[in-house]
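Colleague: Chains as they are written, first to last, in this note's numbering: chain A, 283 to 713; chain B, 283 to 713.
Okay, handing you the structure first.
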């Protein structure tokens with residue numbers, strides 16, 4: 283079986299393709315079929331004279347999204363967005379779609395399209411987004427493989443809210459008395475993993491029962507967490523930089539067509555080069571205030587602050603050393619400035635904002651106990667986590683990215699809902 | 283920083299390693315330290331004469347699982363299981379573990395070890411299992427990448443029980459009225475994916491609220507589902523065979539040391555070659571009865587039947603064309619025997635039994651509607667799925683494997699609980 287993605291090596295040959303009628307038009311005795319097969323799209327040009335009458339009739343009865351088998355001779359065509367075209371020699375329907383394919387050329391609202399998500403995925407933009415998402419996933423696996431990170435699948439069903447948040451999905455676990463909570467991050471478990479395996483990453487769905495409807499939030503999304511023993515704050519940022527460079531490079535190499543479909547200006551992506559911009563939180567606040575933000579000296583950055591800041595630079599921005607009180611209990615403090623964490627966020631350019639959060643972790647038992655108390659968390663659920671500081675504690679660091687935010691940035695999308703096959707939001711659990 | 287896995291290229295050099303004291307013993311003025319760093323294990327041999335007195339004292343005060351920094355000169359050592367040894371030149375403690383490391387050399391019961399899972403992972407067998415698991419995951423990604431399959435992340439939170447099973451975890455979704463169910467498989471969503479992308483796979487956690495405590499069941503486990511448009515029953519089995527061959531080959535190549543740690547006889551793994559054994563369900567039943575099983579003519583195989591059958595062959599066994607009534611509604615029937623499904627299971631040798639289930643899918647709308655009715659399922663939740671047969675239906679097939687069963691087979695483990703970092707079972711939600 284031949285895929286459209288591979289026809290470049292078959293110029294001059296007659297080949298068979300199977301796929302779907304993405305679009306078509308006719309002009310007298312010529313019929314232009316846009317065929318898609320999942321791997322790509324190609325135009326098949328049929329001349330009535332060159333075709334058996336039954337095939338021509340079948341073409342004339344064609345409907346959008348019908349499944350078809352075509353034969354034709356491959357030729358190079360520089361006017362074609364995909365570089366090739368087929369001179370059609372035969373045509374057959376597999377299954378004829380009803381006339382009223384629900385998604386047309388007219389504008390549809392987002393609710394309609396999300397109701398029809400199982401079909402909307404076929405439109406070329408949605409196809410392109412999923413292909414870019416796939417490249418990002420694979421570039422991540424490749425980078426971690428080459429750098430000694432082992433995939434370590436952390437649990438989704440957890441006995442407690444580890445970070446004291448209220449945005450957890452809760453459910454009965456085998457009986458009504460026992461509750462399980464859906465994980466929001468695998469980080470704490472990954473820390474156990476690296477004490478066994480040195481370097482680990484996980485990559486799976488996480489859940490947030492957040493009652494907000496912003497363009498950047500989903501109730502279920504894919505999170506990649508990485509953690510490494512004997513890596514400190516600086517080394518942690520170096521790994522993040524290398525990973526993001528690798529992802530952008532692979533998308534530019536492998537998804538040029540998809541980025542054109544998405545009308546994504548690739549120039550800003552080409553400018554994603556090392557070294558990334560580095561600002562301390564203090565420097566970032568100073569710049570933001572000069573730009574007109576009313577951000578407090580010791581506040582976390584808001585989404586508007588992030589946007590404002592990224593518009594000042596062409597490269598991604600590390601912001602490091604946040605005030606410890608706005609960050610999680612497990613972050614190690616900066617020894618030279620103990621009220622600040624040895625952490626960083628990474629902001630994507632062009633207004634996209636935060637895509638990564640990371641930090642060195644507190645590795646000293648007594649200090650970590652004090653942090654748990656300061657954050658008014660109960661010690662008991664953390665006993666196993668504290669064991670990691672009791673038995674052979676080592677300096678270690680990690681970070682996580684939200685896959686949908688990376689996809690959104692690289693594809694240039696305003697809303698994360700298009701970045702995942704079947705988005706789940708407060709008012710959206712179907713299909 | 284140097285990893286133990288890479289010292290083979292540093293013979294004759296003095297290097298620094300960071301890791302944990304896995305074990306040690308002394309003999310007069312010689313101290314033997316087993317160092318592990320996550321990437322591997324190596325013996326460091328210290329002679330008192332060659333060491334600063336403070337370093338020697340630190341060594342003598344060492345406790346199991348303390349974190350340490352060592353320096354030494356790499357030498358080849360053919361008696362060593364890992365091939366190399368270090369002549370120690372310096373030693374420092376990072377953090378000294380308390381005397382009573384909970385996991386000792388004595389036998390521990392499974393409940394104790396599962397309570398201490400965050401530490402148990404450090405033992406060499408558990409380390410080896412996770413490394414093999416990682417290779418299996420990567421071999422799967424590599425195979426699918428090279429064969430045009432796109433990763434397509436299907437949702438965990440779903441609005442309904444798609445297959446009418448009762449073993450679902452249920453939870454409130456944002457309000458008490460609306461219920462969400464944790465997915466047991468991404469298959470139906472993958473079928474939507476391939477109509478857009480041609481070939482897809484997913485790989486993520488799935489959930490089963492099964493009140494059973496067998497050695498083959500977990501409440502949360504990792505499932506890989508693959509689906510391909512224009513692939514029929516025969517082609518589907520071909521893909522499964524290629525994938526399993528690839529997985530076994532990569533583990534044999536990359537995890538020879540880990541398999542030795544696990545005392546896994548690799549000869550049976552080396553015999554996993556194409557073509558796999560192929561039996562129809564009818565043939566399998568005939569053989570089983572001859573072997574003394576009381577299996578019914580039209581029954582599914584039980585675990586004991588699977589074990590018995592796999593002991594007759596050295597290669598994995600495809601069993602195809604089960605009686606339709608014991609299989610799911612979405613499976614296409616065999617046109618030449620309409621009471622049988624175009625499906626297959628794949629049984630791993632040496633008694634391990636089912637690791638894959640797959641089938642061609644019913645692609646005809648009216649037939650699928652009839653099946654839904656026969657299985658007494660409600661049509662409404664399947665409307666979106668039925669759309670896939672309304673708009674450009676094509677022949678397609680797919681299959682899924684349970685990662686923990688594959689890991690269990692390849693590592694030669696009796697119980698799946700050791701195959702996943704943090705197992706979840708009916709009575710086990712911690713740590």
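Just so you know, even glycine gets a beta-carbon here, dropped at the ideal spot from N, CA and C.
In three-state DSSP terms, what is residue 709 of chain A?
Modeller: If DSSP states are grouped into helix, strand and coil, residue 709 of chain A belongs with coil.
Colleague: In angstroms, rounded to a whole number, what distance separates the CA positions of residue 554 of chain B and residue 526 of chain B?
Modeller: Each residue's Cα considered, the two are about 9 angstroms apart.
Colleague: Cβ of residue 341 of chain A within 8 angstroms of Cβ of residue 317 of chain A?
Modeller: Contact: no.
Colleague: Spatial neighbours of residue 638 of chain A within its chain, please: CB distance less than 6 angstroms, with the 5 preceding and 5 following residues excluded, ordered by chain position.
Modeller: The residues are 522, 628, 681 and 683.
Colleague: By the three-class DSSP mapping on this structure, what secondary structure does residue 334 of chain B have?
Modeller: Residue 334 of chain B falls in the coil class under three-state DSSP.
Colleague: Beta strand (DSSP E) containing residue 508 of chain B: first to last residue?
Modeller: Element bounds for residue 508 of chain B: 502-511.
Colleague: So if I threshold CB-CB distances at 7 angstroms, which residues from the segment 287-315 of chain B count as touching chain A?
Modeller: Hits within the stretch, in order: 300 and 302.
Colleague: Say whether chain B places a C-beta atom closer than 8 angstroms to the C-beta of residue 698 of chain A.
Modeller: So, not an interface residue.
Colleague: Pop quiz: residue 436 of chain B and residue 484 of chain B are said to be a contact at Cβ under 8 angstroms. What is the actual Cβ separation, rounded to whole angstroms?
Modeller: Sure, about 5 angstroms apart at Cβ, within 8 angstroms.
Colleague: List, in chain order, every chain B residue whose beta-carbon is nearer than 9 angstroms to that of residue 358 of chain A.
Modeller: Simply none; closest approach about 23 angstroms.
Colleague: Using only alpha-carbon positions, find the residue among A:479, A:590 and A:401 that is nearest to residue 415 of chain B.
Modeller: When each option's Cα is compared against that of residue 415 of chain B, the closest is A:479.
Colleague: Specify the secondary structure class of residue 590 of chain B as computed by DSSP and reduced to three states.
Modeller: Note: residue 590 of chain B maps to helix in three-state DSSP.
Colleague: Check whether the Cβ atoms of residue 407 of chain B and residue 543 of chain B lie closer than 8 angstroms to each other.
Modeller: In contact: residue 407 of chain B and residue 543 of chain B (Cβ atoms closer than 8 angstroms).
Colleague: The segment 621-636 of chain A: which residues have C-beta closer than 8 angstroms to a C-beta of chain E, in chain order?
Modeller: Checking the listed chains, one finds no chain E in this structure; the protein chains it contains are A and B.
Colleague: Give a yes or no on whether the minimum CB-CB distance between residue 518 of chain B and chain A is below 8 angstroms.
Modeller: For residue 518 of chain B, the answer is no, since every Cβ of chain A falls outside 8 angstroms of its Cβ.
Colleague: So, is the C-beta of residue 438 of chain B closer than 8 angstroms to a C-beta in chain A?
Modeller: Chain A, which has a Cβ nearer than 8 angstroms to the Cβ of residue 438 of chain B, makes this yes.
Colleague: Would you call residue 677 of chain A buried or exposed, if buried means 16 or more other Cβ atoms sit within 10 Å of its Cβ?
Modeller: The residue is buried, with at least 16 neighbouring Cβ atoms inside 10 Å.
Colleague: Helix, strand or coil for residue 608 of chain B, going by three-state DSSP, please let me know.
Modeller: In this structure, residue 608 of chain B counts as helix in the three-state DSSP scheme.
Colleague: With residue 614 of chain A as the anchor, note down where its beta strand (DSSP E) starts and where it stops.
Modeller: Counting along the chain, residue 614 of chain A falls outside any beta strand (DSSP E), and DSSP gives it neither H nor E.
Colleague: By DSSP's criteria, residue 482 of chain A is part of a beta bridge. Which residues make up the other side?
Modeller: Partner(s): A:432 and A:509.
Colleague: Please give me, in chain order, every unbroken run of the beta strand (DSSP E) with length at least 3 that falls completely inside the segment 514-592 of chain B.
Modeller: The segment 514-592 of chain B contains these whole beta strand (DSSP E) runs: 559-562.
Colleague: Strictly below 9 angstroms CB to CB, what residues from chain B border residue 452 of chain A?
Modeller: Those are 453 and 454, listed as they occur along chain B.
Colleague: Within 8 angstroms of any Cβ in chain A, is that where the Cβ of residue 413 of chain B sits?
Modeller: At least one chain A Cβ lies under 8 angstroms of residue 413 of chain B.
Colleague: Pull the bridge partners of residue 602 of chain B from the DSSP assignment, please.
Modeller: For residue 602 of chain B, which the question treats as bridged, DSSP gives the partners B:562 and B:626.
Colleague: Can you list the beta strand (DSSP E) stretches of 3 or more residues lying completely in the segment 346-408 of chain A, in chain order?
Modeller: Entirely contained in the segment 346-408 of chain A, the beta strand (DSSP E) runs reaching 3 residues are, in chain order, 349-358 and 366-377.
Colleague: Look up residue 309 of chain A in the DSSP assignment and give the residues it is bridged to.
Modeller: Partner(s): A:312.
Colleague: When DSSP labels each residue in this structure, what does residue 440 of chain B get in the three-state scheme?
Modeller: If DSSP states are grouped into helix, strand and coil, residue 440 of chain B belongs with the strands.
Colleague: If you run the structure through DSSP and keep just helix, strand and coil, what is residue 296 of chain A?
Modeller: DSSP places residue 296 of chain A in strand when its eight states are reduced to three.
Colleague: Measure from the alpha carbon of residue 529 of chain B to the alpha carbon of each residue in B:351, B:371 and B:689, then state which is nearest.
Modeller: The candidate whose alpha carbon is nearest that of residue 529 of chain B is B:689.
Colleague: Using 8 angstroms as the limit for Cβ to Cβ distance, is residue 477 of chain A near chain B?
Modeller: Yes, because at least one Cβ of chain B sits closer than 8 angstroms to the Cβ of residue 477 of chain A.
Colleague: Pair every Cβ in the segment 300-315 of chain B with every Cβ in the segment 324-341 of chain B, then say whether three or more of these pairs are closer than 8 angstroms.
Modeller: Yes: the two stretches touch, three or more of their Cβ pairs being nearer than 8 angstroms.
Colleague: Going along chain A in order, which residues have a C-beta closer than 9 angstroms to the C-beta of residue 493 of chain B?
Modeller: Here the neighbours are 456.
Colleague: Among the candidates A:463, A:567, A:386 and A:509, whose CA atom is the shortest distance from the CA of residue 584 of chain A?
Modeller: When each option's Cα is compared against that of residue 584 of chain A, the closest is A:567.
Colleague: Are the segment 577-592 of chain A and the segment 557-567 of chain A in contact at 8 angstroms, needing three or more beta carbon pairs?
Modeller: At 8 angstroms Cβ cutoff, the stretches touch.
Colleague: What residue range does the beta strand (DSSP E) around residue 459 of chain B cover?
Modeller: Element bounds for residue 459 of chain B: 457-464.
Colleague: Since residue 540 of chain B and residue 410 of chain B should fall inside the 8 angstroms C-beta cutoff, what is the C-beta to C-beta distance between them, to a whole number of angstroms?
Modeller: That belief holds up - the Cβ atoms of residue 540 of chain B and residue 410 of chain B are roughly 4 angstroms apart, short of 8 angstroms.
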